[in-house]
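Numbering (UniProt numbering), first residue to last: 3 to 478.
A virtual CB, placed ideally from N, CA and C, is assigned to each residue, including glycine.
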Ligand code: NBP
């Protein structure tokens, strides 16, 4: 008997993916560097389906039906390269290696090019949804060649999450496109989490609500347009009481957020592409600031406004405003992320369909949300929007939210409660709206000190003014 697909790397993710394949009726070859994990998987879950365990790489490869489909789920970076090298030597032209780890898309492009030389399809695949998603249905973002998707697509679509019967898996584009989109997904996740955290902070510190009360507010929001996985788990976390102390759980957690680096990659890549992902950047920086206990300790005595909390009715109105600010800022975060995806797609010639990306994010992944349907609709419409913000539905939503959004940003500034995500999103929105930006002055300054030239509003051409001389303008 041969396996339809194989999984090597049987830590939490690989093991759950292998089980997911098996539960869908696929015969799965399983392998791990340390074979105890392979045995443990078969002992514990062998009854769930058909597993073919292998102790060595050679045995593993021999178990796969040609053309071979081999999924690697090991630690990103050097371990992934080591495993690719080990297996590539054993494969034949036409075989496929799927890297389901969180690789940087530049590594995926390098690996894909190297394996293509040898006739092997390398399919860098973003997989979102964590441990539970891997088992019950993740969102899957495969890159690689269209030929590889023809062979892999059906089996990946089988195990993906489904929303309205549509699998949350689609071929994103060639080489690194899948990992690029997964990276931006994680960047949006950072932004979304930061915005939710700011909403929580404002409801607590400005409106005077306790965590259990904020949990109720979030529960309410989760039955409206903000319905999403992150809002749902936020309500759960805020309602949770610490068993040791009887205090709200969130109050006993140290306020230092960590990061594994995909948010940082998103921002680094956006800087290279020249895309303003200010919401994602603020989220990365807010985590970073939280971790600097030294400068935070030094800053604690800095003066601020006297602490005040809104009274009952004002607090209730404020909570409604925060819902609007959160929704509007979230729209901006997605608009910025999609802009980055489109810029990456242009830069690397990937022809990514943003509407399809929104569609496969509707289920399985951490940023799954009701409003992704609206994004898909916007990009499916005959007049594709230049920015998500200019699509009819979103323009109207922002028009309805903007007064409240401005009040929330103003209140946060007045009360001295940091809301960098809300503020950056609003500034981006106002930046797009502005018929004229102060960039004109910046360009003039650049010409003054560095002869960097400028363009005029009234004539074509490039100009320089002799600032240190007669201040006459010359065409250059
Ligand atoms: P880990 O990222 O913790 O990796 C552990 C696995 O890598 C084990 O199977 C280990 O084998 C294997 N491995 C290592 Br480490 N070095 C190796 C080497 N030189 N040769 C062969 N195998 C090696 O596992 P994970 O948390 O399941 O994540 C797997 C991938 O999925 C990662 O790239 C991760 O970023 C990505 N991912 C994770 C999540 C999540 O929620 N955890 C979500 C989405 C994507 P051993 O057992 O012999 O040590």
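For residue i: DSSP bridge partner residues
i: residue 456; result: 465
i: residue 5; result: 66
i: residue 72; result: 8, 99
i: residue 170; result: For residue 170, which the question treats as bridged, DSSP gives no partner whatsoever.
i: residue 451; result: DSSP, once it has assigned bridges, lists no residue as partnering residue 451.
i: residue 371; result: 230
i: residue 176; result: In the DSSP output, where bridge partners are listed per residue, residue 176 has none listed.
i: residue 250; result: 243
Local Cβ density within 10 Å of residue i, reported as buried at 16 or more and exposed below that
i: residue 342; result: buried
i: residue 100; result: buried
i: residue 469; result: exposed
i: residue 193; result: buried
i: residue 332; result: buried
i: residue 326; result: buried
i: residue 478; result: exposed
i: residue 200; result: buried
i: residue 228; result: buried
i: residue 328; result: buried
i: residue 46; result: exposed
i: residue 383; result: exposed
i: residue 120; result: exposed
i: residue 57; result: exposed
i: residue 256; result: exposed
i: residue 323; result: buried
i: residue 374; result: buried
Short Cβ contact (7 Å threshold) for residue i with residue j
i: residue 62; j: residue 28; result: no
i: residue 154; j: residue 21; result: no
i: residue 50; j: residue 25; result: yes
i: residue 424; j: residue 410; result: yes
i: residue 337; j: residue 390; result: yes
i: residue 5; j: residue 66; result: yes
i: residue 150; j: residue 123; result: yes
i: residue 339; j: residue 183; result: no
i: residue 334; j: residue 430; result: yes
i: residue 165; j: residue 364; result: yes
i: residue 345; j: residue 269; result: no
i: residue 163; j: residue 170; result: yes
i: residue 10; j: residue 74; result: yes
i: residue 239; j: residue 321; result: no
i: residue 237; j: residue 217; result: yes
i: residue 306; j: residue 226; result: no
i: residue 272; j: residue 279; result: yes
i: residue 2; j: residue 407; result: The displayed coordinates of the chain run from 3 to 478. Any statement about residue 2 would go beyond what the structure contains.
i: residue 427; j: residue 281; result: yes
i: residue 145; j: residue 174; result: yes
i: residue 205; j: residue 211; result: yes
i: residue 140; j: residue 157; result: no
i: residue 23; j: residue 161; result: yes
i: residue 263; j: residue 286; result: no
i: residue 177; j: residue 71; result: no
i: residue 403; j: residue 414; result: no
DSSP three-state assignment for residue i, whether helix, strand or coil
i: residue 1; result: Nothing in the structure corresponds to residue 1, since the chain is present only between 3 and 478.
i: residue 33; result: strand
i: residue 53; result: strand
i: residue 474; result: coil
i: residue 243; result: strand
i: residue 96; result: coil
i: residue 140; result: coil
i: residue 164; result: strand
i: residue 125; result: strand
i: residue 81; result: helix
i: residue 148; result: helix
i: residue 130; result: strand
i: residue 384; result: coil
i: residue 420; result: coil
i: residue 335; result: helix
i: residue 354; result: coil
i: residue 223; result: helix
i: residue 181; result: helix
i: residue 39; result: helix
i: residue 208; result: coil
i: residue 348; result: helix
i: residue 360; result: helix
i: residue 213; result: helix
i: residue 296; result: helix
i: residue 258; result: coil
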